[in-house]
Amino acid sequence: MKILIADDQELVRETIAAFLRQESGFTVDIAKDLDSALVAVKAHGPFDLVMLDYMMPGMNGLEGLAAMRAAVPGTAVAILSGTASRAVAEQALAEGAAGFLPKTMSTRSLIAAARFMAAGEVYAPMMQTADRTGNFGAAAASPLTPRELDVLRRLCRGMANKEIARDLDLQEVTVKLHVKTLYRKINARNRTHAAMIAREAGLC
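Numbering (our numbering), first residue to last: -6 to 197.
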């Protein structure tokens, strides 16, 4: 499988490329912006999958998606993002993106997603993240409660459990319980991951 990863952050693109290159049968090229990605698909294609960073130079929102899809008709083109909202993800998918991938994905999930999209399927884990009511969709056991949302928004601000407890007039042990429960509901690995998921969903 031949993949092109375009991202203006060298560490991000090199890290993702390194993960994918460890997988048998994967060949990965990289580009630093949309212009160089367009050059790469013409010079080194065809590719099975192209991944574009939503915020890199040349993208102009989703105009870059349209430009790449026009350049490589029939090729799966996906969007990578660390900050874009669910609304942007929905728009990207509506405009033909093969997937919308958060940069916080695990290596195993990224490899599975690459295979899935290259096979012609649409991969959209953000469609199972939260809306503004705390409903994280079918992947969650249940929506977040108002109190769990209060705690999650304070995690986004980098507050410690003790600070959250003081701010919400709760016992620290209660805050710890809320944190543990919301981790499970949104499939977060830690506080940083929980905050990233919340930001992706537009909750903070």
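Cβ atoms here follow ideal geometry from the backbone N, Cα and C, with glycine treated the same way.
All of these numbers come straight from a predicted model, not from anything done at the bench.
Residue i classed as buried or exposed, judged by whether at least 16 other C-beta atoms fall within 10 angstroms
i: residue 76; result: exposed
i: residue 154; result: buried
i: residue 185; result: exposed
i: residue 99; result: exposed
i: residue 129; result: Residue placement at residue 129 cannot be trusted, given a pLDDT of 47 that sits under 50; what the coordinates show is reported in the next sentence. Burial call: buried.
i: residue 182; result: exposed
i: residue 20; result: exposed
i: residue 6; result: buried
i: residue 191; result: buried
i: residue 187; result: buried
i: residue 159; result: exposed
DSSP state of residue i mapped onto helix, strand, coil
i: residue 169; result: helix
i: residue 95; result: strand
i: residue 115; result: coil
i: residue 22; result: strand
i: residue 82; result: helix
i: residue 163; result: coil
i: residue 145; result: helix
i: residue -3; result: strand
i: residue 137; result: coil
i: residue 121; result: Unreliable placement is indicated for residue 121, whose pLDDT of 48 sits below 50; the coordinate value is still reported in the next sentence. Note: residue 121 maps to helix in three-state DSSP.
i: residue 131; result: Residue confidence is low: residue 131 scores 36 on pLDDT, short of 50, so the model does not pin down where it sits. Its coordinate-derived value is still stated next. It is helical.
i: residue 31; result: helix
i: residue 196; result: coil
CB of residue i within 8 Å of CB of residue j, strictly
i: residue 26; j: residue 37; result: no
i: residue 93; j: residue 86; result: yes
i: residue -4; j: residue 107; result: yes
i: residue 42; j: residue 52; result: no
i: residue 10; j: residue -2; result: yes
i: residue 143; j: residue 161; result: yes
i: residue 74; j: residue 116; result: no
Cβ-Cβ separation, residue j to residue i (assumed contact under 8 Å), whole Å
i: residue 97; j: residue -6; result: About 23 Å; that fails the 8 Å criterion.
i: residue 72; j: residue 60; result: In fact, because the Cβ distance is near 13 Å, the residues do not count as touching under 8 Å.
i: residue 55; j: residue 70; result: Actually they do not touch by this definition, with Cβ atoms about 11 Å apart.
i: residue 68; j: residue 40; result: 6 Å
> At which residue ranges does the stretch 45 to 80 contain complete alpha helix (DSSP H) runs of 4 or more residues, listed in the order of the chain?
Replying inline: Taking only runs of at least 4 residues, the alpha helix (DSSP H) segments lying wholly in the stretch 45 to 80 are 56 to 64.
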